[in-house]
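*Asks:* Here you go, one structure.
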Amino acid sequence: MIFQSIKRNTLNNNTILQLVVLGLIVIGSIYWFIYLQKRNQEIYWKRNVFGDASGYFVYLPSTFIYQFNVTEFEKKFENRINAKGEVEEVGCGFRIEDNRIITKYFYGIALLQAPIYTLIHAGYRIAGIKGDGFNGLYEHTTIISAIIYYILSLILLYKLIKKRTNGLIALTSLLFTVFATNVIYYFAANPGYTHAYSFFLFTAFLYVSNRFSEKQTSIYSTFLFIVVGIIAITRPVNLIFVLSFFIDNNFRNFAKLISPKNLLIGIIIVVALVFPQLYYYKYAYGNWFHYAYQNETFTNLLNPSLIKFYFSTNNGLFIYNPIWFVLLGSTIWLLFSKHRRYAIISLALFIINSYLCSSWHMWNFGCSYGSRNFVEYASIFSLAFAYILLELRSRWKIITIIAVSIIFCFFNLVFVRNFDKCYFGANDWDFKFVKEKYLRID
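The sequence shown begins at 6 in our numbering and counts up one residue at a time.
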């Protein structure tokens with residue numbers, strides 16, 4: 006059988022197959038990054054630094070250029086700030102209020118983008134050019150950063166899956182993880198949002214956790230705490246993902262992770278990463294601890310909109326990315342295999358994340374492609390797809406799964422091609438709109 010016949014970590018006669026799959030990933034990635042970026046730049050409200058993305062991004066120009074000096078900031082954006090103190094040309098993702106720059110978003114994305122922003126800013130300084138920190142090359146910080154983290158994510162995920170299966174399975178799993186889910190959309194079309202970076206952070210956490218299971222050294226525990234700290238300042242609700250530590254590790258390893266020495270290092274790392282956020286709250290709101298989202302919270306904990314969250318035409322998970330039927334089904338099947346612990350933890354994360362997201366005051370999360378809260382979870386569920394290909398004994402079952410996944414992949418890419426950044430259907434169940442707008446092939 007095509008997958009079972011391949012010995013672990015060997016290429017042999019399957020080199021051509023692996024090169025074909027790798028070629029599809031590379032060529033497909035290049036095409037979609039170019040296509041989606043070109044399309045988005047043609048319309049101002051689809052640009053990379055607009056809306057929510059500008060709220061994450063504003064930490065960078067505020068720090069590097071304005072040093073949070075509102076007077077200088079207002080001079081730069083004179084006549085472009087509305088009555089609410091919002092800069093409309095970047096989608097009102099932040100505002101000027103009481104002589105302070107106010108954003109409700111966490112600074113984790115800005116931290117991850119900072120290396121590229123620093124290089125661009127240095128280039129401006131050397132060239133003697135004064136930019137506003139948002140436009141020109143500065144805006145490309147988001148897409149350049151996204152490309153780098155995209156490549157790093159695929160490398161780490163490939164190495165992780167290959168170690169458990171083999172090269173061909175790893176590449177095949179990556180192919181469908183990227184192109185049959187909304188992963189490619191959020192890396193290529195919305196590189197200013199948290200989800201692409203969270204996909205990288207989840208992948209890094211899985212990879213380092215696996216390495217820690219092999220060698221419980223301080224270097225791996227340190228990296229784990231760094232990743233956890235960045236997750237905390239990027240999207241705190243994603244801290245539930247630390248449960249995945251127990252896929253490869255037992256409680257004995259956990260005890261070693263939180264040994265006095267490691268725990269002290271971990272606390273120092275996390276505090277160092279969280280402190281700038283608290284310092285910003287003190288600057289912006291006058292308090293070290295503040296809930297910046299104000300009236301936006303989990304208002305429906307007793308009445309989550311799960312059915313809509315899964316099946317609505319307004320960003321429903323299974324409607325936009327039906328590959329989740331395969332991923333979820335594979336994980337359930339693995340409950341009865343030697344990968345039971347992986348399946349239990351993955352399903353627990355799926356259920357918890359579904360419950361929390363569908364309990365949010367806006368279950369569809371506004372302008373988004375599919376249930377964007379599951380972009381990062383595609384990392385852990387890519388393992389389910391890989392395990393199924395490895396464990397199934399029937400050639401026809403494998404062929405069926407691959408064939409169905411190809412169809413879902415094509416379906417998703419057609420959606421991505423036609424998607425207009427926001428859902429504009431008449432209601433939450435407008436299947437006619439989806440058919441006419443998103444399923445066009447012309």
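Ideal Cβ placement from N, Cα and C applies to all residues, glycine included.
Hey, quick one: how far does the alpha helix (DSSP H) through ARG100 stretch, first residue to last?
*Replies:* Not the alpha helix (DSSP H): ARG100 falls in the beta strand (DSSP E), residues 100-102.
*Asks:* Helix, strand or coil: which one does DSSP assign to ARG257?
*Replies:* ARG257: helix per DSSP, three-state reduction.
*Asks:* Could you give the distance in angstroms between the alpha-carbon of ASN378 and the alpha-carbon of PHE370?
*Replies:* Cα-Cα distance, rounded: 9 Å.
*Asks:* Please state the DSSP three-state secondary structure of VAL92.
*Replies:* VAL92: strand per DSSP, three-state reduction.
*Asks:* Within its chain, find whatever has a CB closer than 6 Å to the CB of GLY271; leave out the 5 residues flanking it on each side and keep chain order.
*Replies:* Only PHE230 meet the Cβ criterion.
*Asks:* Could you compute how far the alpha carbon of TYR290 sits from the alpha carbon of THR318?
*Replies:* In a straight line, the C-alpha of TYR290 is about 38 Å away from that of THR318.
*Asks:* Using the Cβ count rule (16 or more neighbours within 10 Å means buried), how would you classify GLU4?
*Replies:* No answer is possible for residue 4: the residues shown for the chain start at 6 and end at 447.
*Asks:* For LYS261, which residues in the same chain have their Cβ closer than 6 Å to its Cβ, ignoring the five residues on either side in sequence?
*Replies:* Once the five neighbours on either side are set aside, the close Cβ partners of LYS261 are GLN221.
*Asks:* If you draw a straight line from the alpha carbon of PHE192 to that of ILE101, how long is it in whole angstroms?
*Replies:* If I take the Cα positions, the gap works out to 29 Å.
*Asks:* Pull the bridge partners of ILE107 from the DSSP assignment, please.
*Replies:* DSSP output for ILE107 lists ARG100 as bridge partner(s).
*Asks:* Of the choices ILE39, ARG44, ILE166, VAL25, whose alpha-carbon is the least far from that of ASP425?
*Replies:* ASP425 has its Cα closest to that of ARG44, out of ILE39, ARG44, ILE166, VAL25.
*Asks:* Does DSSP put THR15 in a helix, a strand or coil?
*Replies:* Bear in mind that the predicted position of THR15 carries a pLDDT of just 45, short of 50, making it too unreliable to give a figure here.
*Asks:* Pick helix, strand or coil for ILE224, following the three-state DSSP scheme.
*Replies:* Helix.
*Asks:* Exposed or buried, which one is GLN282 when buried takes at least 16 other CB atoms within 10 Å?
*Replies:* Label assigned to GLN282: buried.
*Asks:* When you compare only the Cα positions, how much space is there between PRO265 and GLU83?
*Replies:* One C-alpha to the other measures close to 53 Å.
*Asks:* Starting from PRO281, follow the alpha helix (DSSP H) in both directions and report where the run begins and ends.
*Replies:* Per DSSP, PRO281 belongs to the alpha helix (DSSP H) from 265-290.
*Asks:* Just the C-alpha distance for TRP434 and THR186, rounded to the nearest angstrom, thanks.
*Replies:* Cα to Cα, TRP434 sits roughly 21 Å from THR186.
*Asks:* Tell me which residue opens and which closes the alpha helix (DSSP H) that GLY28 is part of.
*Replies:* Where GLY28 is concerned, the enclosing alpha helix (DSSP H) stretches over 20-46.
*Asks:* Who are the near neighbours of ILE86 in its chain, counting only those whose CB is closer than 7 Å to its CB and skipping five residues on each side?
*Replies:* Here the set comprises GLU79, VAL92, ILE101.
*Asks:* So, at 7 Å on beta carbons, what are the nonlocal neighbours of ALA151 in its own chain, with the 5 sequence-adjacent residues on each side left out?
*Replies:* Counting only Cβ-Cβ distances below 7 Å, and skipping sequence neighbours, we find PHE192, PRO196, ALA201.
*Asks:* On the three-state DSSP scale, how would you describe ILE86?
*Replies:* Looking at ILE86 - three-state DSSP - the assignment turns out to be strand.
*Asks:* In angstroms, rounded to a whole number, what distance separates the CA positions of ALA347 and SER376?
*Replies:* Note that residue 347 corresponds to Tyr in the displayed sequence, not to Ala. Rounded to the nearest angstrom, the two C-alpha atoms are 23 Å apart.
*Asks:* My assumption, with CB atoms under 8 Å, is that PRO327 sits in contact with PHE416. Please give the rounded CB distance.
*Replies:* That pair is a contact at about 6 Å.
*Asks:* Given a cut-off of 8 Å, decide if GLY56 and PHE99 are closer than it, judged by their beta-carbon atoms.
*Replies:* It is not a contact, given that the beta carbons lie outside the stated cut-off.
*Asks:* Look up ASP433 in the DSSP assignment and say whether it is helix, strand or coil.
*Replies:* Coil, per DSSP.
*Asks:* Taking ILE107 as the reference, give the member of LEU117, LEU22, PHE62 with the closest Cα.
*Replies:* Of the candidates LEU117, LEU22, PHE62, the one whose C-alpha sits nearest the C-alpha of ILE107 is PHE62.
*Asks:* Can you tell me whether DSSP reads ILE356 as helix, strand or coil?
*Replies:* DSSP places ILE356 in helix when its eight states are reduced to three.
*Asks:* Candidates HIS126, ASN104, ASN254, PHE341: which alpha carbon is nearest PHE139's?
*Replies:* With distances taken between Cα atoms, PHE139 lies closest to HIS126.
*Asks:* Please say whether ALA175 and ILE189 have beta carbons closer to each other than 8 Å?
*Replies:* No, Cβ-Cβ distance for ILE189 and ALA175 is not below 8 Å.
*Asks:* Please classify TYR374: does DSSP put it in a helix, a strand, or coil?
*Replies:* Three-state result, TYR374: coil.
*Asks:* Taking three-plus beta-carbon pairs below 8 Å as touching, is the segment 382-400 in contact with the segment 333-346?
*Replies:* The answer is yes - the segment 333-346 touches the segment 382-400, with three or more Cβ pairs under 8 Å.
*Asks:* Please report the distance separating the alpha-carbon of LEU65 from that of HIS366.
*Replies:* Using only the alpha carbons, I get a separation of about 29 Å.
*Asks:* Please report the straight-line C-alpha distance between ARG398 and LEU352, rounded to a whole angstrom.
*Replies:* In a straight line, the C-alpha of ARG398 is about 24 Å away from that of LEU352.
*Asks:* If you follow the alpha helix (DSSP H) that ASN195 is in, where does it begin and where does it stop?
*Replies:* Note, ASN195: premise wrong, no alpha helix (DSSP H); not H, not E.
*Asks:* Rounded to a whole number of angstroms, what is the C-alpha to C-alpha distance between LEU159 and ASP103?
*Replies:* In a straight line, the C-alpha of LEU159 is about 44 Å away from that of ASP103.
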